[in-house]
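Read through the structure below, which is laid out as structure tokens, and then see the notes.
2 protein chains.
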Amino acid sequence: MDDRKQRVLQAVVQDYIESAEPVGSRTIARRHDLGVSPATIRNEMADLEMLGYLEHIHTSSGRIPSSKGYRFYVDGLMQPTSLTDEEKAQIDRWYLARVRRIEEVFQETARLISRVTKNVALVLAPQMTKSAFRCLQFLPLDDRRSVAVLMTDAGFIENRIVAMPSGATFEDFQRMARVVNDCLAGCTLDAIPKAAYRKIRSEISDENLYEAAIDVISCALDDTEGRERLYLGGTREMLSQPEFRDVERVKEILMMLEEEQLLKEILHAHLGEGLRVTIGRENDYKGIQDCSIVTATYHLDGELLGTIAVLGPTRMEYGKAMSLLGYMNEHLSDVVRKLGWQG
Amino acid sequence: MDDRKQRVLQAVVQDYIESAEPVGSRTIARRHDLGVSPATIRNEMADLEMLGYLEHIHTSSGRIPSSKGYRFYVDGLMQPTSLTDEEKAQIDRWYLARVRRIEEVFQETARLISRVTKNVALVLAPQMTKSAFRCLQFLPLDDRRSVAVLMTDAGFIENRIVAMPSGATFEDFQRMARVVNDCLAGCTLDAIPKAAYRKIRSEISDENLYEAAIDVISCALDDTEGRERLYLGGTREMLSQPEFRDVERVKEILMMLEEEQLLKEILHAHLGEGLRVTIGRENDYKGIQDCSIVTATYHLDGELLGTIAVLGPTRMEYGKAMSLLGYMNEHLSDVVRKLGWQG
DNA sequence: GTTAGCACTCAGGGCGAGTGAGTGCTAACT
DNA sequence: AGTTAGCACTCACTCGCCCTGAGTGCTAAC
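If you want it as structure tokens, here you go:
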């Protein structure tokens, strides 16, 4: 693949991404200064098609890039666009203006990404079970029940109403909380050692209370186990893409977007260190083989926290999506910190 | 308007709701046993059009109901369908199977309603400020900050990270919580009397701590003020309605559905005791003058809690929507109670 | 008052011609 | 040998046309 072929491929991909129409040799000759005539470009395009980088709907229509073509473009031809300082500042401002509660960070991230990229954004929030126990407290509710509040190192707070075993007083519960706090300090929630349970049992020394304590802990775990939350944004933006002019296609994709479990699987399958792009046919799931996904993992103090992703037609502005996710990837934890989420 | 006219109007509305096609005189004569010929029905339809109950796209197409026609149908002609015991049981089962956290009740309600009615469902969750203060507690986070947990009578729990003023210890905070709990017992959050503030001030007697306390309270209020949460369900279901065969229309309505503030306003405008139906032109907001809204308010222990609504094309199955919302209206609080939300 | 009959209307589908963007091939040019 | 101009060909798309069928409105007869 010589230099000129690459330039032609680049021109085709760029034009197609911009116009969403199959691009012909004349258009390229006019809009890109390749210094050759349309006829020559036609020959190059025929070669590129033979090599599998371009495709043809029918003999007399322009070319569109194949998955392989996009792949080559993303890996080598695309010029990386990086966000301007102004854009970065805007993102920070957006967060400060809109996010008032910890839980909103993820939703707003999804919304922000979808606005900028005009595609669907997916944000997979951290699994609570992966984070370390910080403290458990009880608040009195009435004489039979109280509210258990569980906090983890990552700053997550779960609350849940629990019944107090008959005979137990609120003071018993307070004592239980102290014991549990002592024994579980620093444990990650998905791997509480047997020894910790034994210690709790011996320290509480009341069988009824012990049962209740175990109940609270396992209940908090059950609830979040395998249930990282998924935030979605931009189904509306998506509709402005010409790929979704057809209602049937929209219905299909909306259907898929409501299958939370499926989306999580897809995200997990595509998960890897840093930025990752999966293009069209490279997707295992049939329903989105005309779509691409850009994913990035984000971290907090070196700890893997979750995934952010852009899902859109293969004709996606990869550069923009990648630079945005890259920025998020690096700075989401800063933003979160600024909002006072973590110490 | 004589009896036969009413029967004809009823037939037209029913057929149109079912088929989404303008209905003609022959169709009615065939499908409804009115005992008269199409020609007679034609005459009646012409009268109904004159009276404003029916409309005409062009001379040679069938009739469709006008807003006024739907209104007459809903108010008088429609036979109320009530849910079967099986359906009711199914709803209860759905809740028990899907709802594991208090916050999910609303989301699942929206999802359920949209599934049953094949339209968009809106659930306006209670305003925190309308409920009574129950208690405030602090959990230690680190040496400079702690987590404030605010609970109200309706069972809502808000948590928020607050900085401790320099010099204050966690014990100071605990004391502050006790004072606040004493002074605010039973107040509704949007109407805390001045006297209560004065009492807090005098009892805390430390100006710094007093500021911090006020901060926490007003912060909790700020956050939720005018910000009842809105849960949406069924944008996907909506697409199966023939009214939304056109992507532009879909885009418009999705756009509107993302304007949370606007939706809240619309819901508030339509809010009233019990079941309420607003049809087509009766809507003030132009964007949905080809849509109808059915709203119901729901209660808990006699206290107004929030609103559930169905939004769909005027050609909506009013009977179904109304009976479903009616059931929800009566039983949502039961369901919520069963899930242990409230004592 | 009801109905049959008839002329009229109009959206929607199918069909054919024309248009234009684009290709592939070949022969000439540098 | 690579590049280009020229030309025939392809094919989606649009437009106008006709036809069909569902439906109306009117009138005259029952």
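Residue numbers (this note's numbering), protein chains in the order written: chain A, 17 to 359; chain B, 17 to 359.
Heads up, the beta-carbon is just placed ideally off N, CA and C, and yes, glycines get one too.
Because the structure is a prediction, the values reported are computed rather than measured.
Quiz item: If you drop the 5 nearest sequence neighbours on each side, which residues of the same chain put their C-beta closer than 8 Å to that of residue 219 of chain A?
Solution: Position 203 of the first sequence holds residue 219 of chain A. These residues qualify, in order along the chain: 195, 198, 199.
Practice problem: Determine whether the Cβ of residue 267 of chain B lies closer than 8 Å to any Cβ atom of chain A. | Solution: Taking the first residue of the second sequence as position 1, residue 267 of chain B is located at position 251. So, interface residue.
Quiz item: What is the DSSP secondary structure of residue 241 of chain B, reduced to helix, strand or coil?
Solution: Position 225 of the second sequence, counted from the first residue, corresponds to residue 241 of chain B. Bear in mind that the predicted position of residue 241 of chain B carries a pLDDT of just 45, short of 50, making it too unreliable to give a figure here.
Self-check item: Nearest-angstrom beta carbon gap, residue 165 of chain B and residue 153 of chain B [assumed within contact, 8 Å]
Solution: For the purposes of this step, residue 153 of chain B is identified with residue 137 of the second sequence, where counting begins at 1. For the purposes of this step, residue 165 of chain B is identified with residue 149 of the second sequence, where counting begins at 1. With a Cβ gap of about 5 Å, residue 153 of chain B and residue 165 of chain B count as contacting.
Quiz item: Where do the ends of the alpha helix (DSSP H) carrying residue 54 of chain B lie?
Solution: Within the second sequence, residue 54 of chain B is the residue found at index 38, counting from 1. Residue 54 of chain B -> alpha helix (DSSP H) spans 54 to 66.
Practice problem: Less than 8 Å between the CB atoms is what I'm expecting for residue 39 of chain A and residue 79 of chain A, so what's the real figure, rounded? | Solution: In the first sequence, counting from the first residue as 1, residue 39 of chain A sits at position 23. In the first sequence, counting from the first residue as 1, residue 79 of chain A sits at position 63. Yes, they are in contact, since the Cβ atoms of residue 39 of chain A and residue 79 of chain A sit about 6 Å apart, within 8 Å.
Quiz item: Nearest to residue 123 of chain A by CA position, among A:162, A:163, A:335, A:247, is which residue?
Solution: Looking up residue 123 of chain A in the first sequence gives position 107. Among A:162, A:163, A:335, A:247, the Cα nearest to that of residue 123 of chain A is on A:247.
Self-check item: Cα-Cα separation, residue 361 of chain B to residue 49 of chain B
Solution: Examination of residue 361 of chain B is not possible in this model, given that chain B is present from 17 through 359 alone.
Quiz prompt | chain B contacts made by the region 173 to 200 of chain A, where a contact means CB separation under 7 Å | solution = 173, 175, 177
Exercise. Could you tell me whether any Cβ in chain B is nearer than 8 Å to the Cβ of residue 17 of chain A?
Key: Here residue 17 of chain A refers to the residue found at position 1 of the first sequence. Among the residues facing chain B, residue 17 of chain A is not included, as its CB has no counterpart in that chain under 8 Å away.
Self-check item: Residue from B:287, B:278, B:249 whose Cα sits closest to the Cα of residue 131 of chain B
Solution: Taking the second sequence and counting its residues from 1, the one referred to as residue 131 of chain B is at position 115. When only C-alpha atoms are compared, the closest one is B:249.
Quiz item: Should residue 71 of chain A be flagged as near chain B, meaning a C-beta pair shorter than 8 Å?
Solution: If you number the first sequence from 1, residue 71 of chain A lands on position 55. Chain B contact via Cβ: absent.
Exercise. Hey, could you find the ends of the alpha helix (DSSP H) residue 105 of chain B is sitting in?
Key: Walking along the second sequence from the start, residue 105 of chain B turns up at place 89. Per DSSP, residue 105 of chain B belongs to the alpha helix (DSSP H) from 101 to 114.
Self-check item: Alpha carbon of residue 30 of chain B to alpha carbon of residue 274 of chain B, nearest angstrom
Solution: What you label residue 30 of chain B is simply residue 14 of the second sequence in a count that begins at 1. What you label residue 274 of chain B is simply residue 258 of the second sequence in a count that begins at 1. Taking the straight line joining both Cα atoms gives about 32 Å.
Practice problem: Check whether the Cβ atoms of residue 323 of chain A and residue 283 of chain A lie closer than 8 Å to each other. | Solution: Looking up residue 323 of chain A in the first sequence gives position 307. Looking up residue 283 of chain A in the first sequence gives position 267. The answer is yes: Cβ separation under 8 Å.
Quiz item: Taking Cβ to Cβ, would you say residue 89 of chain B is nearer than 8 Å to residue 96 of chain B?
Solution: Your numbering for residue 89 of chain B matches position 73 in the second sequence. Your numbering for residue 96 of chain B matches position 80 in the second sequence. With respect to residue 96 of chain B, residue 89 of chain B sits apart: the two C-beta atoms are not nearer than 8 Å.
Quiz prompt | Inter-residue spacing [alpha-carbon to alpha-carbon] between residue 100 of chain A and residue 129 of chain A | solution = Looking up residue 100 of chain A in the first sequence gives position 84. Looking up residue 129 of chain A in the first sequence gives position 113. C-alpha separation (whole angstroms): 16 Å.
Practice problem: Could you confirm whether any beta carbon from chain B is found closer than 8 Å to the beta carbon of residue 125 of chain A? | Solution: Translated into positions along the first sequence, residue 125 of chain A becomes position 109. It does not; no Cβ of chain B falls within 8 Å.
Practice problem: Taking the CB atoms as reference points, tell me whether residue 133 of chain A and residue 333 of chain A lie closer together than 8 Å. | Solution: Here residue 133 of chain A refers to the residue found at position 117 when the first sequence is read from its first residue. Here residue 333 of chain A refers to the residue found at position 317 when the first sequence is read from its first residue. Yes; because the gap between Cβ atoms is below 8 Å, this pair is in contact.
Quiz item: Relative to chain B, which residues along the region 328 to 345 of chain A have a C-beta separation below 9 Å, given in chain order?
Solution: none
Quiz item: Are the C-beta of residue 131 of chain A and some C-beta of chain B separated by less than 8 Å?
Solution: Start at 1 with the first residue of the first sequence, and residue 131 of chain A comes out as number 115. Not an interface residue.
Quiz item: Does residue 277 of chain A come within less than 8 Å of chain B when only Cβ atoms are used?
Solution: Position 261 of the first sequence, counted from the first residue, corresponds to residue 277 of chain A. Judged by the 8 Å Cβ criterion, residue 277 of chain A is not in contact with chain B.
Self-check item: Within-8 Å CB hit, residue 168 of chain A to chain B
Solution: Position 152 of the first sequence, counted from the first residue, corresponds to residue 168 of chain A. Taking Cβ atoms only, chain B never reaches closer than 8 Å to residue 168 of chain A, which makes this a no.
Practice problem: With 8 Å as the threshold, decide whether the Cβ of residue 114 of chain A is near any Cβ in chain B. | Solution: As a first step, residue 114 of chain A must be located in the first sequence, where it is residue number 98. Taking Cβ atoms only, chain B never reaches closer than 8 Å to residue 114 of chain A, which makes this a no.
Exercise. Compute the beta-carbon to beta-carbon distance between residue 279 of chain A and residue 138 of chain A, rounded to the nearest angstrom, for a pair I have assumed lies under 8 Å.
Key: Locating residue 279 of chain A in the first sequence gives position 263, counting from the first residue. Locating residue 138 of chain A in the first sequence gives position 122, counting from the first residue. Confirmed, Cβ separation roughly 6 Å.
Quiz item: Quick one: does the C-beta of residue 218 of chain B sit closer than 7 Å to a heavy atom of the ligand SAH?
Solution: This structure lacks the ligand SAH; in fact it carries no ligand of any kind.
Quiz item: Is the Cβ of residue 261 of chain A closer than 8 Å to any Cβ of chain B?
Solution: Counted from its first residue, the first sequence places residue 261 of chain A at position 245. Yes, because at least one Cβ of chain B sits closer than 8 Å to the Cβ of residue 261 of chain A.
Quiz prompt | Contact under 8 Å by Cβ, residue 61 of chain A with residue 121 of chain A | solution = Within the first sequence, the letter at position 45 stands for residue 61 of chain A. Within the first sequence, the letter at position 105 stands for residue 121 of chain A. In this structure, residue 61 of chain A sits away from residue 121 of chain A, with a CB-CB distance that is not shorter than 8 Å.
Quiz prompt | C-beta atoms of residue 270 of chain B and residue 252 of chain A nearer than 8 Å | solution = Locating residue 270 of chain B in the second sequence gives position 254, counting from the first residue. Locating residue 252 of chain A in the first sequence gives position 236, counting from the first residue. Contact: yes.
Quiz prompt | When A:67, A:73, A:68, A:42 are compared against residue 58 of chain A, the one with the closest alpha-carbon | solution = Sequence index remark: in the first sequence, residue 58 of chain A carries index 42 (1-based). Per the Cα distances, A:42.
Quiz item: Given residue 229 of chain B, which residues of its chain have a CB within under 8 Å of its CB, disregarding the five upstream and five downstream residues?
Solution: Here the question's residue 229 of chain B lines up with position 213 in the second sequence. Cβ neighbours of residue 229 of chain B beyond the five flanking positions: 192, 195, 196, 216, 220.
Quiz item: How is residue 284 of chain B classed by DSSP in three states: helix, strand or coil?
Solution: The residue you call residue 284 of chain B lines up with position 268 of the second sequence. Correct three-state label for residue 284 of chain B: helix.
Practice problem: Note down, in chain order, every chain A residue with its Cβ under 7 Å from the Cβ of residue 163 of chain B. | Solution: By one-based count along the second sequence, residue 163 of chain B stands at place 147. In chain order: 167, 173.
Exercise. Note down the Cα distance separating residue 168 of chain B from residue 36 of chain A, rounded to an integer number of angstroms.
Key: Start at 1 with the first residue of the second sequence, and residue 168 of chain B comes out as number 152. Start at 1 with the first residue of the first sequence, and residue 36 of chain A comes out as number 20. Distance from the CA atom of residue 168 of chain B to the CA atom of residue 36 of chain A, rounded to whole angstroms, is 54 Å.
Practice problem: Kindly indicate if chain A contains any beta-carbon less than 8 Å away from that of residue 251 of chain B. | Solution: Taking the second sequence and counting its residues from 1, one reaches residue 251 of chain B at position 235. Yes, residue 251 of chain B lies at the interface with chain A (some Cβ there is under 8 Å from its Cβ).
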